[in-house]
Amino acid sequence: MSTSVPISVVIAAHDEEPVLGRCLDALLDAARPHEMEIVVVCNGCTDRTAEVARGYGERVEVIETPRPSKTAALNLGDARATGYPRFYVDADVTLPLASVRRIADRLGEGNALAASPVMELDLRESSGAVRAYYRIWRRLPYVREGMIGVGVYALSEEGRGRFAAFPDVIADDGYVRMLFGTDERARVDDAPVRVYTPGRLADLVRIKTRSRLGRDQLRQRFPDLAARERETKSYRSAGSTILVRPWLWPAAVVYAVVVVQSRRRARRQAASLEDYVWERDGSSRSADRR
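Numbering (our numbering), first residue to last: 92 to 381.
So, in structure tokens, the structure goes:
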């Protein structure tokens, strides 16, 4: 692998055997030699995640660590990666090579330090209630701005210099987003990423609990950054949109139920955060969903 590459991709993978190949296939499809370096950090894996990654030969560098921590894995991958822009990609999403190139071009223009693709939700295996939730969630201005819930963000070299290392937090994407003002972030609308949604409402509540817990943790640990982020968030326009569209009201009820349930669960879990076990959705990690 070249010692100097234009694009680096870091993937923190914890027991992602069913979906890692799907992720890597999309990144490597038609990639030119030495166009990218991909570092997969298998953290605390009890399955064949590392074997899947090694199956791609020298196109993928594999690091293994016994510690099941996403942020620790990101730091290990960062230490090994050499190129910019640098992409941080969740193993359970599908990011086409074309999207990588478009995001890299956007960051190369120099007026954005952080960028993310536009989200394409794969709702094919989701229940009606889950679909209803996302009908509202995707309309939130906070979500539409990017870098939240899409499983991918990319930083220029200057942007990566904004922080020394990933802190030990639940929401690494939320932390990185807080470091940049709205004029420093870009959502690249012609660069899609496929995000696979949960199958059942119970699965959705679990991952939204983790999201809520992650936001609450960031507010406690980085109050100044969180205060600046709150100043830019707005739900008013989404609320107005829903109020004048009665056909969205049933979906809004589902959304509200999920918000209330996840908030209650996060409040209970926050009391013993040192013993927190990462909650994730297994229903969206099917190898058949491509």
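Idealized CB from N, CA, C, for every residue including glycine.
Looking only at DSSP bridge pairs, what is N134 linked to? The count along the sequence shown starts at 1 and reaches residue 134 at position 43. DSSP lists T156 as partners of N134.
Comparing C-alpha positions only, which one of G265, P341, Q360, P97 sits nearest to R321? Working through the sequence shown from its first residue, we reach residue 321 at position 230. Selected option, being the one with the closest Cα: G265.
May I ask you to verify whether the stretch 178–198 touches the stretch 97–113, counting CB pairs closer than 8 Å and requiring at least 3? yes
Note down the Cα distance separating P289 from S218, rounded to an integer number of angstroms. Here residue 289 corresponds to residue number 198 of the sequence shown, with the count starting at 1. Here residue 218 corresponds to residue number 127 of the sequence shown, with the count starting at 1. Looking at the two C-alpha atoms, the distance is approximately 8 Å.
Between A121 and the rest of its own chain, which residues show a CB-CB distance below 7 Å, the 5 nearest in sequence each way excluded? Position 30 of the sequence shown, counted from the start, is the residue given in the question as residue 121. These residues qualify, in order along the chain: L188.
Cut-off 7 Å between Cβ atoms - residues of its own chain near S247, not counting five sequence neighbours on either side: As a working note, residue 247 is residue 156 in the sequence shown. Here the set comprises Y175, P176, L198, L204.
C-alpha gap between D106 and D372, whole angstroms: For the purposes of this step, residue 106 is taken as the residue at position 15 of the sequence shown. For the purposes of this step, residue 372 is taken as the residue at position 281 of the sequence shown. About 12 Å.
Is A343 closer than 9 Å to I227 when the C-beta atoms are compared? Counting from one through the sequence shown, the residue named residue 227 turns up at place 136. Counting from one through the sequence shown, the residue named residue 343 turns up at place 252. Yes. Within cutoff.
At which residues does the alpha helix (DSSP H) containing Y266 begin and terminate? Indexing the sequence shown from 1 puts residue 266 at position 175. Run containing Y266: 263–269, per the alpha helix (DSSP H) assignment.
Are the beta-carbon atoms belonging to L304 and Q352 less than 9 Å from one another? The residue given as residue 304 occupies position 213 in the sequence shown. The residue given as residue 352 occupies position 261 in the sequence shown. Not in contact: L304 and Q352 (Cβ atoms no closer than 9 Å).
Backbone CA spacing between G148 and P124 [nearest angstrom]: By one-based count along the sequence shown, residue 148 stands at place 57. By one-based count along the sequence shown, residue 124 stands at place 33. Here the alpha carbon of G148 sits roughly 13 Å from the alpha carbon of P124.
When the Cα of D196 is compared with those of G135, E216, E370, D281, which residue comes out closest? Indexing the sequence shown from 1 puts residue 196 at position 105. Ranking G135, E216, E370, D281 by Cα distance to D196 puts D281 first.
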